[in-house]
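If you're matching them up, the sequences are chains A and B in order. Under this note's numbering, think of the first position of the first sequence as 0, with each following residue one higher. Under this note's numbering, think of the first position of the second sequence as 0, with each following residue one higher. Positions of the beta carbon are idealized from the N, C-alpha and C atoms, including for glycine. Just so it is clear, the structure is predicted and the values come from calculations on it, not from any experiment. Reading through the structure tokens given below for one structure.
2 protein chains.
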Amino acid sequence: MERLPGFRDFYPEPLPHQDLWSADARQYIFDHWRTTAKRYGFREYDGPPLETLELFTTKSGGEIIGQLYNFKDKGERDIALRPEMTPTLARMIAAHERSYKKPVKWFALPQLFRYERAQKGRLREHFQLNADIIGESAAAADAELVALLIDTLRSLRLTEADFLVRLSSRNAWHDFFQQHQGKLEQEYDFYQVIDKLDREEPETNQEKLAALGFSLAEVMVFIEKAEPTAELQVILDNLAARGLHDYVKIDYSVIRGLAYYTGSVFEAFDRKGELRAIAGGGRYDNLIKLISGGKVNLPALGFGMGDVVLLELLKARGLLPKFDGALDVFCLIEDESLRRDSLKLVQDLREAGLVVDYSLTPAKPDKQFKRAQELRAARTLKLERSAASEMVARVKHLQTREEQTLGVAEAAKSLKAGVGR
Amino acid sequence: MERLPGFRDFYPEPLPHQDLWSADARQYIFDHWRTTAKRYGFREYDGPPLETLELFTTKSGGEIIGQLYNFKDKGERDIALRPEMTPTLARMIAAHERSYKKPVKWFALPQLFRYERAQKGRLREHFQLNADIIGESAAAADAELVALLIDTLRSLRLTEADFLVRLSSRNAWHDFFQQHQGKLEQEYDFYQVIDKLDREEPETNQEKLAALGFSLAEVMVFIEKAEPTAELQVILDNLAARGLHDYVKIDYSVIRGLAYYTGSVFEAFDRKGELRAIAGGGRYDNLIKLISGGKVNLPALGFGMGDVVLLELLKARGLLPKFDGALDVFCLIEDESLRRDSLKLVQDLREAGLVVDYSLTPAKPDKQFKRAQELRAARTLKLERSAASEMVARVKHLQTREEQTLGVAEAAKSLKAGVGR
Numbered sequence: 000m001e002r003l004p005g006f007r008d009f010y011p012e013p014l015p016h017q018d019l020w021s022a023d024a025r026q027y028i029f030d031h032w033r034t035t036a037k038r039y040g041f042r043e044y045d046g047p048p049l050e051t052l053e054l055f056t057t058k059s060g061g062e063i064i065g066q067l068y069n070f071k072d073k074g075e076r077d078i079a080l081r082p083e084m085t086p087t088l089a090r091m092i093a094a095h096e097r098s099y100k101k102p103v104k105w106f107a108l109p110q111l112f113r114y115e116r117a118q119k120g121r122l123r124e125h126f127q128l129n130a131d132i133i134g135e136s137a138a139a140a141d142a143e144l145v146a147l148l149i150d151t152l153r154s155l156r157l158t159e160a161d162f163l164v165r166l167s168s169r170n171a172w173h174d175f176f177q178q179h180q181g182k183l184e185q186e187y188d189f190y191q192v193i194d195k196l197d198r199e200e201p202e203t204n205q206e207k208l209a210a211l212g213f214s215l216a217e218v219m220v221f222i223e224k225a226e227p228t229a230e231l232q233v234i235l236d237n238l239a240a241r242g243l244h245d246y247v248k249i250d251y252s253v254i255r256g257l258a259y260y261t262g263s264v265f266e267a268f269d270r271k272g273e274l275r276a277i278a279g280g281g282r283y284d285n286l287i288k289l290i291s292g293g294k295v296n297l298p299a300l301g302f303g304m305g306d307v308v309l310l311e312l313l314k315a316r317g318l319l320p321k322f323d324g325a326l327d328v329f330c331l332i333e334d335e336s337l338r339r340d341s342l343k344l345v346q347d348l349r350e351a352g353l354v355v356d357y358s359l360t361p362a363k364p365d366k367q368f369k370r371a372q373e374l375r376a377a378r379t380l381k382l383e384r385s386a387a388s389e390m391v392a393r394v395k396h397l398q399t400r401e402e403q404t405l406g407v408a409e410a411a412k413s414l415k416a417g418v419g420r
Numbered sequence: 000m001e002r003l004p005g006f007r008d009f010y011p012e013p014l015p016h017q018d019l020w021s022a023d024a025r026q027y028i029f030d031h032w033r034t035t036a037k038r039y040g041f042r043e044y045d046g047p048p049l050e051t052l053e054l055f056t057t058k059s060g061g062e063i064i065g066q067l068y069n070f071k072d073k074g075e076r077d078i079a080l081r082p083e084m085t086p087t088l089a090r091m092i093a094a095h096e097r098s099y100k101k102p103v104k105w106f107a108l109p110q111l112f113r114y115e116r117a118q119k120g121r122l123r124e125h126f127q128l129n130a131d132i133i134g135e136s137a138a139a140a141d142a143e144l145v146a147l148l149i150d151t152l153r154s155l156r157l158t159e160a161d162f163l164v165r166l167s168s169r170n171a172w173h174d175f176f177q178q179h180q181g182k183l184e185q186e187y188d189f190y191q192v193i194d195k196l197d198r199e200e201p202e203t204n205q206e207k208l209a210a211l212g213f214s215l216a217e218v219m220v221f222i223e224k225a226e227p228t229a230e231l232q233v234i235l236d237n238l239a240a241r242g243l244h245d246y247v248k249i250d251y252s253v254i255r256g257l258a259y260y261t262g263s264v265f266e267a268f269d270r271k272g273e274l275r276a277i278a279g280g281g282r283y284d285n286l287i288k289l290i291s292g293g294k295v296n297l298p299a300l301g302f303g304m305g306d307v308v309l310l311e312l313l314k315a316r317g318l319l320p321k322f323d324g325a326l327d328v329f330c331l332i333e334d335e336s337l338r339r340d341s342l343k344l345v346q347d348l349r350e351a352g353l354v355v356d357y358s359l360t361p362a363k364p365d366k367q368f369k370r371a372q373e374l375r376a377a378r379t380l381k382l383e384r385s386a387a388s389e390m391v392a393r394v395k396h397l398q399t400r401e402e403q404t405l406g407v408a409e410a411a412k413s414l415k416a417g418v419g420r
């Protein structure tokens with residue numbers, strides 16, 4: 000029986016094949032996402048992986064709607080597996096808005112889904128760090144959020160040589176659009192063309208822009224000038240004060256595909272330009288009002304950072320640690336009459352927080368020792384009877400090959416003292 | 000816009016209403032599940048939340064099939080949201096069996112789904128700790144797994160006064176069934192009746208058993224005698240050696256509903272008998288062979304522990320800590336000309352691992368201080384210019400109200416030294 004196309008199994012390391020996904024690397028990324036967000040004072044939330052189809056269809060726009068993983072449930076409801084987290088967050092905030100002091104700083108680690116024609120290697124799910132600030136319209140919030148994005152990547156040992164945040168603004172494009180007499184009802188179409196500039200031929204871009212009353216040349220001049228608006232300058236200055244200036248650059252070719260963005264927008268890219276965007280986000284000051292049917296009106300902004308591109312980048316830069324699941328202690332049981340005492344000791348060490356394993360069934364000494372090595376145990380521990388028939392413990396450090404014979408209580412104490420090594 | 004019935008949103012604490020679910024309590028439980036499993040040498044894995052319907056329909060049996068959350072995807076495939084993790088694990092193991100040394104000890108923290116008539120308060124999803132040992136047929140593996148179950152609950156500060164593991168065996172029931180001349184093709188029906196004994200009236204039980212050629216009286220005698228089989232005695236002795244004897248008891252009224260169990264089965268209950276089972280599991284020596292179409296044949300066993308009943312129990316026993324998301328430092332910015340320097344300091348402290356927040360925008364001193372208190376900051380930090388126009392830092396401990404004025408570097412150093420408090 001096979002797993003569904005586009006979905007992933009996650010295995011413990013060492014992985015039997017290079018093309019398998021590592022549960023350990025996933026957890027490593029999750030831990031860093033969580034820790035960094037918390038350092039910034041963000042609090043964790045989560046919603047259901049399933050929502051009503053309606054929650055997404057009118058709000059997200061563009062690519063996301065075309066690729067929704069939706070279906071009818073047994074009650075004939077129209078359901079969608081969440082393609083993004085922001086509408087869920089807006090729904091949750093709208094429901095209990097008054098109970099949380101503003102600005103609200105929240106994060107989540109959702110699994111997100113899409114359904115598109117299955118192509119080789121194309122995934123139908125991924126995980127994302129989602130971080131959002133709600134209830135603050137000042138650009139200082141945008142800077143705080145971009146700083147979190149940068150520090151999340153830095154916590155994984157990526158540097159300014161590895162990635163860059165390209166900062167842009169829907170407001171800048173809105174002004175441009177108005178100054179060039181764009182028609183109000185075509186503004187989102189215009190943004191869609193800008194969003195795809197890099198992916199299309201110049202002729203196609205020229206044609207599409209002409210249909211909307213623009214020339215590719217004037218668009219390119221605007222992008223190349225890259226003059227920060229007053230709002231973006233505030234963000235740049237704020238990031239500079241934190242010493243993060245080298246991680247960010249104005250780039251108006253970024254505009255983001257989603258319909259609901261209203262202010263600053265940004266994407267993080269690898270400097271070599273080999274990968275898709277590592278993260279992206281922006282301001283969506285009208286979404287909560289839209290989702291709540293006008294009941295709650297709060298400015299908001301957020302970003303999402305996916306696990307797939309990030310993992311590729313960390314691999315390419317050699318920044319993933321080895322996840323060998325090393326044991327602190329492997330308990331050798333060579334004398335079966337000492338199994339009960341060994342189990343008691345194993346229990347004692349585990350209760351103290353040590354990672355301990357042993358052979359569940361009687362096995363030859365060399366087989367047990369081999370198993371200890373396979374499991375990358377730091378130490379082996381073996382109970383023995385001394386000549387005086389007293390019970391003693393032999394502790395061996397597998398790397399230094401140092402060996403000690405101690406009283407049982409003494410051995411336990413010494414091993415516990417080394418918790419965390 | 001509403002969330003789907005039977006699904007949960009998880010909010011950060013303090014919760015605005017008692018009936019909301021806490022993201023912090025969820026994470027607290029997840030952390031303890033993960034840490035305890037690792038101490039036992041279990042490694043983490045995960046599979047997709049969606050699988051082919053087929054993976055579950057022929058293997059699980061009983062209640063699970065009747066409540067499958069299944070649907071047709073856009074490609075007309077029959078899909079199910081996973082109702083349990085074991086078939087996914089069996090599928091994953093079967094695919095890469097040779098690459099992992101036996102016994103394999105794996106755990107996962109999946110979200111599981113079911114679809115039944117929506118009743119008030121009935122959930123359609125929950126989270127589970129799933130722990131499994133694969134490739135070991137000896138009862139020592141059963142004992143290791145039950146010990147993990149017990150220690151997982153103990154890590155959450157539950158004691159033998161709070162819960163009990165009821166240990167039983169399909170083998171014991173199989174022997175009983177044969178000794179009483181049960182018909183082979185009715186054996187699973189018989190198990191289903193035993194599984195529901197507690198939930199039905201004696202008359203109903205008597206009737207159902209009679210139809211299968213048994214009397215309720217002989218069944219009750221067998222249950223009340225509670226004589227451990229040789230296999231169960233090994234498990235009891237093993238647990239006793241670990242000092243866990245008081246947490247476990249033979250109870251043949253436990254038999255488990257799933258079709259695929261083959262040996263020991265067990266369930267953990269609260270001692271007061273107020274809640275549904277906290278956890279349950281057993282041996283399923285034939286499932287991997289079944290799932291792999293005969294290619295891989297490995298003995299296996301596992302248990303699942305859900306988050307919902309566990310949370311109820313922890314609440315009832317007052318064992319949930321307060322999750323106030325306390326800050327290490329709240330930085331007060333009363334002099335806007337010092338905002339840049341304050342941001343630099345905030346950045347420095349966060350990089351050192353401290354949880355730090357500040358007012359994103361200019362605000363009155365008392366408002367900022369109130370915010371620091373709301374966020375339960377341990378300390379406030381404020382940059383000031385001294386009379387000699389030097390920059391100094393005032394650090395205030397909010398509980399003791401102790402206050403110190405230090406050089407900026409000195410203040411940073413002192414705060415960093417207190418990381419983790």
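Since residue i contacts residue j with CB under 8 Å, what's their CB separation in whole angstroms?
i                : j                : result
ALA93 (chain B)  : LEU342 (chain A) : Going by Cβ atoms, the distance from ALA93 (chain B) to LEU342 (chain A) rounds to 31 Å, so no, they are not a contact pair.
PHE302 (chain A) : LEU144 (chain A) : 6 Å
ILE277 (chain A) : ALA267 (chain A) : 4 Å
Take the Cβ of residue i as the centre, count every other Cβ of all protein chains shown within 10 Å, and call the residue buried at 16 or more, exposed below.
i                : result
PRO86 (chain B)  : buried
ASN296 (chain A) : exposed
ASP431 (chain B) : Shown here, chain B extends from 0 to 420; a query on residue 431 (chain B) therefore has no answer.
LEU183 (chain A) : exposed
ASP365 (chain A) : exposed
LEU453 (chain A) : Here chain A has residues from 0 to 420 only, and residue 453 (chain A) is not among them.
GLN367 (chain A) : buried
LYS395 (chain B) : buried
GLY272 (chain A) : exposed
ALA210 (chain A) : exposed
State the DSSP-derived secondary structure class of residue i, mapped to helix, strand or coil.
i                : result
HIS173 (chain A) : helix
LYS454 (chain B) : Past the boundaries of the shown model lies residue 454 (chain B); chain B is included only from 0 to 420, so the question cannot be answered.
GLN110 (chain A) : strand
SER252 (chain B) : coil
GLU273 (chain A) : coil
ASN285 (chain A) : coil
GLU199 (chain A) : coil
HIS396 (chain A) : strand
ASN69 (chain A)  : strand
GLU383 (chain B) : strand
>> Could you check whether the segment 312-332 of chain B touches the segment 119-126 of chain B, counting it as contact only if at least three pairs of C-beta atoms, one from each stretch, sit closer than 8 Å?
In response: no
> Closer than 7 Å, Cβ to any Cβ of chain B: which residues of the segment 43-76 of chain A, in chain order?
Replying inline: GLU43, TYR44, ASP45, GLY46, PRO47, PRO48, LEU49, GLU50, THR51, GLU53, LEU54, PHE70, LYS71, ASP72 and LYS73
> Looking at chain B, which residues of the segment 356-380 of chain A have a Cβ within less than 8 Å of any of its Cβ atoms?
Replying inline: Those residues of the segment 356-380 of chain A that come within reach of chain B (Cβ to Cβ, closer than 8 Å) are ASP356, LEU359, THR360, ARG370, GLU373 and LEU374.
> Touch check for the segment 303-315 of chain A and the segment 281-289 of chain A: three-plus C-beta pairs under 8 Å?
Replying inline: no
> Can you find at least 3 beta carbon pairs, one from the segment 28-46 of chain A and one from the segment 63-72 of chain A, that sit closer than 8 Å?
Replying inline: no
> Between the segment 211-220 of chain A and the segment 159-170 of chain A, do three or more beta carbon pairs fall short of 8 Å?
Replying inline: With a cut-off of 8 Å, the segment 159-170 of chain A and the segment 211-220 of chain A do not count as touching, because too few Cβ pairs lie within range.
>> For the segment 1-22 of chain A, list every residue whose C-beta sits within 7 Å of some C-beta in chain B, in sequence order.
In response: ARG2, LEU3, PHE6, ARG7, ASP8, PHE9, TYR10, PRO11, PRO15 and ALA22
> In the segment 81-93 of chain A, which residues sit with their C-beta less than 7 Å from some C-beta in chain B, listed in chain order?
Replying inline: From the segment 81-93 of chain A, only ARG90 and MET91 have a Cβ closer than 7 Å to chain B.
> Is the segment 183-202 of chain A in contact with the segment 338-353 of chain A, if contact means three or more CB pairs nearer than 8 Å?
Replying inline: no
> Three or more C-beta pairs closer than 8 Å, one from the segment 27-38 of chain B and one from the segment 104-116 of chain A: is that the case here?
Replying inline: no
>> Across the segment 167-179 of chain A and the segment 225-232 of chain A, are there enough close Cβ pairs to call them in contact, namely three or more that are closer than 8 Å?
In response: yes
> Just by C-beta distance, which residues in the segment 126-145 of chain B are closer than 7 Å to chain A?
Replying inline: Those residues of the segment 126-145 of chain B placed with their C-beta closer than 7 Å to a C-beta in chain A are GLU135, ALA137, ALA139, ALA140 and GLU143, ordered along the chain.
>> To be precise: take each residue of the segment 172-189 of chain A, compare its Cβ to all Cβ atoms of chain B, and keep it if any distance is under 9 Å. Which residues remain?
In response: none
> Going along the segment 312-326 of chain B in order, which residues come within less than 8 Å of chain A, judged by CB to CB distance?
Replying inline: GLY324 and LEU326
> Quick one, which residues of the segment 325-350 of chain A are near chain B if we go by CB-CB under 7 Å, in chain order?
Replying inline: LEU326, ARG339, LEU342, LYS343, GLN346 and ARG349
> Between the segment 233-260 of chain B and chain A, which residues of the former have CB atoms less than 7 Å from a CB of the latter, in chain order?
Replying inline: ASN237, ALA240, ARG241 and GLY242
> Would the segment 0-20 of chain A and the segment 42-58 of chain B be scored as touching if the rule is three or more Cβ pairs under 8 Å?
Replying inline: With three or more CB-CB distances shorter than 8 Å, the segment 0-20 of chain A counts as touching the segment 42-58 of chain B.
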